[in-house]
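So in my numbering the end of the sequence shown lands on 1231, straight run, no missing numbers. Glycine is no exception: its CB is placed at the ideal position from the N, C-alpha and C atoms. The structure presented is a predicted model; accordingly, all values stated were derived computationally and were not measured.
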Amino acid sequence: MDISIDILPILDSHKTGVGWYTYNIIKYMALNNEIKKYNFEFLGFDFLGRRNNTEVKEMLEKIYPNSKYKLIKLIPYGVYRRIWDYLPFTYNYMFNSKSNLYCFFNFVIPHKIDGYVINTVYDMVYKVHPNTMTKANYKRLEKELARSCERADIIVTISNNTRKEIIEYLKVPANKIRIVPCGVDTNFYKPIDGKKILSKYKIEKPYFLYIGTLEPRKNIRSIVRAFNNILKKANHDVILVIGGKKGWMYDEIFKTVKELRLENDVLFLGYVPIEDMPALYSNAISFVFPSLYEGFGIPPLEAMSCGCPVIVSNTSSFPEVVGNAGILVNPLNIEEISDAMYRIYCDNNLREDLKQKSINRAKEFTWESAAKKMINIYKEFE
850 MDISIDILPI
860 LDSHKTGVGW
870 YTYNIIKYMA
880 LNNEIKKYNF
890 EFLGFDFLGR
900 RNNTEVKEML
910 EKIYPNSKYK
920 LIKLIPYGVY
930 RRIWDYLPFT
940 YNYMFNSKSN
950 LYCFFNFVIP
960 HKIDGYVINT
970 VYDMVYKVHP
980 NTMTKANYKR
990 LEKELARSCE
1000 RADIIVTISN
1010 NTRKEIIEYL
1020 KVPANKIRIV
1030 PCGVDTNFYK
1040 PIDGKKILSK
1050 YKIEKPYFLY
1060 IGTLEPRKNI
1070 RSIVRAFNNI
1080 LKKANHDVIL
1090 VIGGKKGWMY
1100 DEIFKTVKEL
1110 RLENDVLFLG
1120 YVPIEDMPAL
1130 YSNAISFVFP
1140 SLYEGFGIPP
1150 LEAMSCGCPV
1160 IVSNTSSFPE
1170 VVGNAGILVN
1180 PLNIEEISDA
1190 MYRIYCDNNL
1200 REDLKQKSIN
1210 RAKEFTWESA
1220 AKKMINIYKE
1230 FE
């Protein structure tokens, strides 16, 4: 069987959740001998060669030595997406592709495709929390997602919570949906000497940690306010470290820090390379992630794999992923968040208990297992 995989999400050098999910599924499928019976090609858009995709190309050529790598450079993907309904030819024709199966990893897909289609839907945030995303993204999903799911033969999602929401909001038949959860890269389990990394970021005090995109849905302003509540009780001997690239409406986060006069107590790192994350997780007092909504929530799982106690929301997929290995809080209750932070800060026994539970829980989610589940989906089309 010939399989085409859309690699657009991994062509961004600053990958976030969707990009890392795509990258790891592709990477870990290659380690499974069952894929040797398939022929792969990898398709994407790279307008005028502006994306830094050399590393991706080399990686794919190494782990899929007999595969094809095709990029369209004459039209931006965004333009193609806006006009694909009006084009007289198919997605296959654009890439000169004759595959049996096309696998997409980013919500919205072209509608003119000859062949079977797998689409990936990570969350239903545009239905559950529409005010936490840009109007442009909301309009795109409102217009395209239901139709993309109708066109797909199978829809992959990452948690049972999202599966239920897809059925509820998009009226997709339950037998059309498969769950392929996220995992943790094995690098996160390796012992880390964090001194070099902490020195790199000028972290000189014990710290609470947040890593993720800076955007309203992540509820970062509530973290800042909760941190402010415990600062005096902790004798200012702790800081809040915030890592992640700027999304949208990030200015409100900086404004809150300034209003609370926390400029010397909150450290912004910007985008954090994945190789630095294990050290940051391993040395933190706690990883605080009271996001309003997540389809899965990879950062808490990464933190748990490093033995970092996590504080997460009691909503969406978090109870399903974290279980009893972390502290679950109401993301809208700042007092509840600050109480959880202060408990972990003060109680060494609680920290140690959560550390062991976190490590054990994280081991239940591996990319090897996720990749195996994706391969099993491919088998359904043989």
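Asked                                                                                                                                                                                     : Found
With C-beta atoms as the reference, is Lys-1054 less than 7 Å away from Ile-1003?                                                                                                         : no
Can we say the region 1163-1173 touches the region 1103-1118, given the rule of at least three CB pairs closer than 8 Å?                                                                  : no
Assuming Ser-993 and Ile-1224 make a contact with CB atoms under 8 Å, what is their CB distance in whole Å?                                                                               : Correcting the residue type first, residue 993 is Glu in the shown sequence and not Ser. Contact flag wrong, Cβ pair sits at about 28 Å.
Could you check where the beta strand (DSSP E) with Ile-1160 kicks off and where it finishes?                                                                                             : 1159-1162
Leaving out the 5 sequence neighbours to the left and right, which residues in its chain are closer than 8 Å to Met-878 when beta-carbon positions are compared?                          : Ile-884, Ala-1220, Met-1223 and Ile-1224
Does Lys-797 come out as helix, strand or coil in the three-state DSSP assignment?                                                                                                        : This structure does not reach residue 797, given that the chain is present from 850 up to 1231, and the question cannot be answered.
Please work out which residues of its chain come closer than 7 Å, Cβ to Cβ, to Lys-1204, disregarding the five sequence neighbours upstream and downstream, and give them in chain order. : Gly-1156 and Pro-1158
For Lys-823, report the span of its beta strand (DSSP E) as first-last.                                                                                                                   : Outside the shown range of the chain, which is 850 to 1231, sits residue 823, and nothing can be said about it.
What are the start and end residues of the beta strand (DSSP E) that includes Arg-1027?                                                                                                   : 1026-1028
Could you give the residue range of the alpha helix (DSSP H) that holds Ser-1207?                                                                                                         : 1197-1211
Do Asn-941 and Asp-963 have their C-beta atoms within less than 7 Å of each other?                                                                                                        : yes
What number of angstroms, rounded off, separates the C-alpha of Asn-873 from the C-alpha of Asp-1034?                                                                                     : 8 Å
Looking only at its own chain, which residues have a Cβ that is under 7 Å from the Cβ of Phe-1214, when we skip the five neighbours before and after it?                                  : Pro-1030, Cys-1031, Gly-1032, Val-1033 and Leu-1150
Just checking, does the region 1102-1114 make contact with the region 967-980 on the three C-beta pairs under 8 Å criterion?                                                              : no
Measure the CB-CB distance between Ser-1154 and Phe-1037 and report whether it falls below 7 Å.                                                                                           : yes
Which residues does DSSP pair with Tyr-1056 in a beta bridge?                                                                                                                             : Ile-1088
In angstroms with no decimal places, state the Cα-to-Cα distance between Ala-985 and Ile-1046.                                                                                            : 37 Å
Could you check whether Pro-1122 and Gly-1061 sit closer than 7 Å to each other, using their CB atoms as the reference points?                                                            : no
Looking at Trp-1097: is its Cβ nearer than 7 Å to the Cβ of Thr-1006?                                                                                                                     : no
Distance, Cα to Cα, Asn-1197 vs Leu-1181?                                                                                                                                                 : 27 Å
If we cut at 7 Å on Cβ distances, does Ile-856 have a partner in chain C?                                                                                                                 : The structure shown contains no chain C, having only a single protein chain.
Below 6 Å CB to CB, which residues in the same chain sit around Glu-1064 once its five sequence neighbours on both sides are set aside?                                                   : Gly-1096 and Trp-1097
On the DSSP bridge list, what partners appear for Ile-1176?                                                                                                                               : Ile-1160
Roughly how many whole angstroms lie between the Cα atoms of Asn-1078 and Asn-1179?                                                                                                       : 16 Å
Taking the beta carbon of Leu-897 as the centre, do at least 16 other beta carbons fall within 10 Å, making it buried, or is it exposed?                                                  : exposed
Using a 10 Å radius around the Cβ and a threshold of 16 neighbouring Cβ atoms, would you call Val-966 buried or exposed?                                                                  : buried
Tell me, please, which residues DSSP counts as bridged to Asn-888.                                                                                                                        : Asp-851
Hey, how far is the Cα of Arg-930 from the Cα of Leu-936?                                                                                                                                 : 10 Å
Report all residues from its chain with a CB closer than 7 Å to the CB of Ile-1069; omit the five preceding and five following residues, and keep chain order.                            : Tyr-1059, Leu-1063, Ile-1091 and Ile-1102
According to DSSP, is Ile-1134 helix, strand or coil?                                                                                                                                     : coil
Using only alpha-carbon positions, find the residue among Ile-1183, Phe-1145 and Ile-1193 that is nearest to Val-867.                                                                     : Phe-1145
Among Lys-961, Ile-854 and Arg-1027, which residue has its Cα nearest to the Cα of Arg-803?                                                                                               : Limits of the chain in this structure are 850 at one end and 1231 at the other, which puts residue 803 out of reach.
For Leu-909 and Glu-1217, which I take to be in contact (beta-carbon distance under 8 Å), what is that distance rounded to the nearest angstrom?                                          : Contact flag wrong, Cβ pair sits at about 19 Å.
Please classify Cys-1155: does DSSP put it in a helix, a strand, or coil?                                                                                                                 : coil
Hey, Ile-1183 and Ile-1160: beta-carbon distance below 7 Å or not?                                                                                                                        : no
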